[in-house]
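Trainee: Got a structure here, written out as structure tokens. Questions coming.
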Amino acid sequence: MATRNRPATSFAADSFIARHNGPDEHEQADMLAALGYASLDAFIDAVVPEQIRFRSTLSTGPTRSEPDVLSELRLIAAKNRIYRSYLGLGYYGTHTPGVILRNIMENPAWYTAYTPYQAEIAQGRLEALLNFQTVVIDLTGLPIANASLLDEGTAAAEAMYLALATKGSETRNTFLIASDCHPQTIAVVEARAEARGVQVIVAEPTQFVFDETVFGLLLQYPGTDGAVVDYRELCESAHEANALVTVATDLLALCLLTPPGEWGADIAVGNSQRFGVPMGFGGPHAAFFATRDEYKRHLPGRIIGLSRDSEGKPALRMALQTREQHIRREKATSNVCTA
Numbered sequence: 090m091a092t093r094n095r096p097a098t099s100f101a102a103d104s105f106i107a108r109h110n111g112p113d114e115h116e117q118a119d120m121l122a123a124l125g126y127a128s129l130d131a132f133i134d135a136v137v138p139e140q141i142r143f144r145s146t147l148s149t150g151p152t153r154s155e156p157d158v159l160s161e162l163r164l165i166a167a168k169n170r171i172y173r174s175y176l177g178l179g180y181y182g183t184h185t186p187g188v189i190l191r192n193i194m195e196n197p198a199w200y201t202a203y204t205p206y207q208a209e210i211a212q213g214r215l216e217a218l219l220n221f222q223t224v225v226i227d228l229t230g231l232p233i234a235n236a237s238l239l240d241e242g243t244a245a246a247e248a249m250y251l252a253l254a255t256k257g258s259e260t261r262n263t264f265l266i267a268s269d270c271h272p273q274t275i276a277v278v279e280a281r282a283e284a285r286g287v288q289v290i291v292a293e294p295t296q297f298v299f300d301e302t303v304f305g306l307l308l309q310y311p312g313t314d315g316a317v318v319d320y321r322e323l324c325e326s327a328h329e330a331n332a333l334v335t336v337a338t339d340l341l342a343l344c345l346l347t348p349p350g351e352w353g354a355d356i357a358v359g360n361s362q363r364f365g366v367p368m369g370f371g372g373p374h375a376a377f378f379a380t381r382d383e384y385k386r387h388l389p390g391r392i393i394g395l396s397r398d399s400e401g402k403p404a405l406r407m408a409l410q411t412r413e414q415h416i417r418r419e420k421a422t423s424n425v426c427t428a
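Residue numbers (our numbering): 90 to 428.
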């Protein structure tokens with residue numbers, strides 16, 4: 090295909106302008122000529138079916154300034170009646186300090202949750218993720234945590250998969266869920282269990298029966314009704330039956346409550362929204378996932394660890410990547426690429 094030489098500049102040939110602003114009118118003409126069309130209209134006539142074309146003129150009204158539009162939108166928004174939210178169930182109204190709002194929530198550098206494709210060049214982002222992992226480890230009382238997941242429900246489902254991979258079998262395919270778990274968490278786990286042929290039993294923890302088919306269980310701490318229960322004896326019974334204990338918990342509550350890792354939990358999951366994150370109409374909010382060291386090879390999501398660079402200086406990197414889909418594809422133990 091013929092291309093037009095761009096004017097000489099101080100930028101490299103793959104500069105931002107060339108890569109992101111698209112073809113100019115001369116390049117567009119060359120592309121159309123290569124396809125055998127004289128104009129964009131002729132090209133569209135040939136490839137876009139007539140029945141789906143929009144022929145009318147868009148009625149957008151007269152041109153208006155941004156301040157004018159914002160002023161009208163504020164008048165419309167002022168008609169809303171704002172009530173106190175009693176949503177709960179893992180989502181709570183919080184105060185976001187202005188400095189966090191300005192430097193994180195409104196900072197384009199943090200808009201995306203995806204780790205860079207060359208993660209090691211973004212040492213600042215990796216340090217923030219490592220700090221997140223450290224806070225989760227401290228509050229849950231478990232020795233290893235990942236750099237976040239999507240939400241509490243999917244984190245609980247990933248915990249079920251970890252338990253299935255380490256303790257499950259064709260005959261051990263039952264997962265117990267406490268009835269005081271958040272309903273949306275139960276729904277997600279049930280949906281994900283069906284795809285793997287796992288039988289889910291929802292019951293009060295006092296009614297749990299640890300027979301030879303049970304490979305794991307899920308508890309809520311505090312419960313969805315706010316109750317705080319000591320599950321030490323239940324954990325002992327589960328471990329005697331060779332089942333893993335997952336606890337869906339509240340990080341803010343763990344600032345005061347005994348960490349799950351100290352009373353027998355093998356996995357702790359939950360939502361970090363309580364730490365000043367706006368509710369955002371229900372999400373997204375970063376989940377967390379912590380577990381014991383012996384299960385680190387089955388831990389889902391990104392893990393940030395400390396290493397050394399080519400000069401021997403401390404450097405952060407994504408660790409244990411052989412678990413991930415970009416390394417092992419269909420054999421990966423983790424298909425989560427968000428942090």
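All C-beta atoms in this analysis are idealised placements derived from N, C-alpha and C, irrespective of residue type, glycine included.
1. To which residues of the same chain is Leu-409 closer than 6 Å at the C-beta, ignoring the five residues directly before and after it?
2. Judging by CA-CA distance, which residue of Gly-359, Leu-251 and Ala-248 is the nearest neighbour of Gly-179?
3. Starting from the N-terminal side, write out each stretch of the alpha helix (DSSP H) that is 4 residues or longer and does not extend beyond the region 104-154.
4. How many Å lie between His-415 and Gly-365 at the Cα?
5. Based on Cα-Cα distance, which residue from Pro-349, Leu-345, Val-303 and Gly-213 lies nearest to Glu-322?
6. Excluding the 5 residues flanking Glu-247 on each side, which residues of the same chain have their C-beta closer than 7 Å to its C-beta?
7. Hey, Met-407 and Ala-244: beta-carbon distance below 8 Å or not?
8. Which term fits Trp-199, buried or exposed, when burial requires 16 or more other beta carbons within 10 angstroms of its beta carbon?
9. Report the rounded CA-to-CA distance for Val-291 versus Arg-144, giving the unit in angstroms.
10. Report the CB separation of Leu-333 from Asp-319 in whole angstroms; it is logged as a contact under 8 Å.
11. What is the DSSP secondary structure of Glu-413, counted as helix, strand or coil?
12. Any idea what DSSP makes of Val-277, helix, strand or coil?
13. Throw me the rounded Cβ distance for the Leu-228 and Leu-343 pair, which I believe falls under 8 Å.
14. Would you report the Cα separation of Ile-106 and Pro-186, rounded to the nearest angstrom?
15. Quick check on Gln-288: buried or exposed, where buried means 16 or more other Cβ atoms within 10 Å of its Cβ?
16. Going by the CB atoms, is the gap between Ala-376 and Ser-361 shorter than 8 Å?
17. Can you look up Met-368 in the DSSP assignment and give me helix, strand or coil?
18. What is the residue span of the beta strand (DSSP E) that Tyr-310 lies within?
19. With Leu-253 and Arg-285 assumed to form a contact (beta carbons below 8 Å), what rounded beta-carbon distance in angstroms separates them?
20. Counting along the chain, where does the beta strand (DSSP E) carrying Val-334 start and finish?
21. Buried or exposed for His-115, please, with buried defined as at least 16 other CB atoms from any protein chain shown within 10 angstroms of its CB.
22. Return no unless some Cβ of chain C is closer than 8 Å to the Cβ of Asn-220.
23. Would DSSP call Gln-222 helix, strand or coil?
24. Helix, strand or coil: how does DSSP classify Val-425 here?
Mentor: Here's the rundown:
1. The residue you call residue 409 lines up with position 320 of the sequence shown. Around Leu-409: Ile-392.
2. The count along the sequence shown starts at 1 and reaches residue 179 at position 90. Closest option to Gly-179, Cα to Cα, is Gly-359.
3. 105-109, 114-124 and 129-136
4. Numbered from 1 along the sequence shown, position 326 holds the residue referred to as residue 415. Numbered from 1 along the sequence shown, position 276 holds the residue referred to as residue 365. Near 33 Å, if we compare the C-alpha coordinates of Gly-365 and His-415.
5. In the sequence shown, counting from the first residue as 1, residue 322 sits at position 233. If we check each option's Cα against that of Glu-322, Pro-349 comes out closest.
6. On the sequence shown, residue 247 is found 158 positions in, with the first residue counted as 1. If we look at Glu-247 and ignore the five residues flanking it on each side, its Cβ neighbours are Leu-238, Phe-378 and Pro-389.
7. Sequence index remark: in the sequence shown, residue 407 carries index 318 (1-based). Sequence index remark: in the sequence shown, residue 244 carries index 155 (1-based). No, the Cβ-Cβ distance between Met-407 and Ala-244 is not below 8 Å.
8. Working through the sequence shown from its first residue, we reach residue 199 at position 110. With fewer than 16 other Cβ atoms within 10 Å, it is exposed.
9. Taking the first residue of the sequence shown as position 1, residue 291 is located at position 202. Taking the first residue of the sequence shown as position 1, residue 144 is located at position 55. So the two alpha carbons sit approximately 55 Å from each other.
10. As a working note, residue 333 is residue 244 in the sequence shown. As a working note, residue 319 is residue 230 in the sequence shown. Actually they are not in contact, since the Cβ atoms of Leu-333 and Asp-319 sit about 19 Å apart, beyond 8 Å.
11. As a working mapping, residue 413 is identified with position 324 in the sequence shown. Strand, per DSSP.
12. To locate residue 277, count along the sequence shown from 1; it is residue 188. Looking at Val-277 - three-state DSSP - the assignment turns out to be helix.
13. Position 139 of the sequence shown, counted from the first residue, corresponds to residue 228. Position 254 of the sequence shown, counted from the first residue, corresponds to residue 343. Yes, they are in contact, since the Cβ atoms of Leu-228 and Leu-343 sit about 4 Å apart, within 8 Å.
14. What you label residue 106 is simply residue 17 of the sequence shown in a count that begins at 1. What you label residue 186 is simply residue 97 of the sequence shown in a count that begins at 1. Distance between the alpha carbons of Ile-106 and Pro-186: 37 Å.
15. As a working note, residue 288 is residue 199 in the sequence shown. Exposed, because fewer than 16 other Cβ atoms sit within 10 Å of the Cβ of Gln-288.
16. Residue 361 sits at position 272 when you count from the first residue of the sequence shown. Residue 376 sits at position 287 when you count from the first residue of the sequence shown. Their beta carbons are under 8 Å apart, which means Ser-361 touches Ala-376 by this criterion.
17. The count along the sequence shown starts at 1 and reaches residue 368 at position 279. Looking at Met-368 - three-state DSSP - the assignment turns out to be coil, as it is neither helix nor strand.
18. Your numbering for residue 310 matches position 221 in the sequence shown. 303-310 is the extent of the beta strand (DSSP E) around Tyr-310.
19. For the purposes of this step, residue 253 is taken as the residue at position 164 of the sequence shown. For the purposes of this step, residue 285 is taken as the residue at position 196 of the sequence shown. Yes, Leu-253 and Arg-285 are in contact; Cβ-Cβ is about 7 Å, under 8 Å.
20. Position 245 of the sequence shown, counted from the first residue, corresponds to residue 334. It spans 333-339 - the beta strand (DSSP E) in which Val-334 sits, taken as one unbroken run.
21. As a working mapping, residue 115 is identified with position 26 in the sequence shown. When all chains shown are included, His-115 counts as exposed.
22. The structure shown has no chain C; it contains just one protein chain.
23. Here residue 222 refers to the residue found at position 133 of the sequence shown. The answer is helix: DSSP assigns Gln-222 an H, G or I state.
24. Taking the sequence shown and counting its residues from 1, one reaches residue 425 at position 336. Val-425 falls in the coil class under three-state DSSP.
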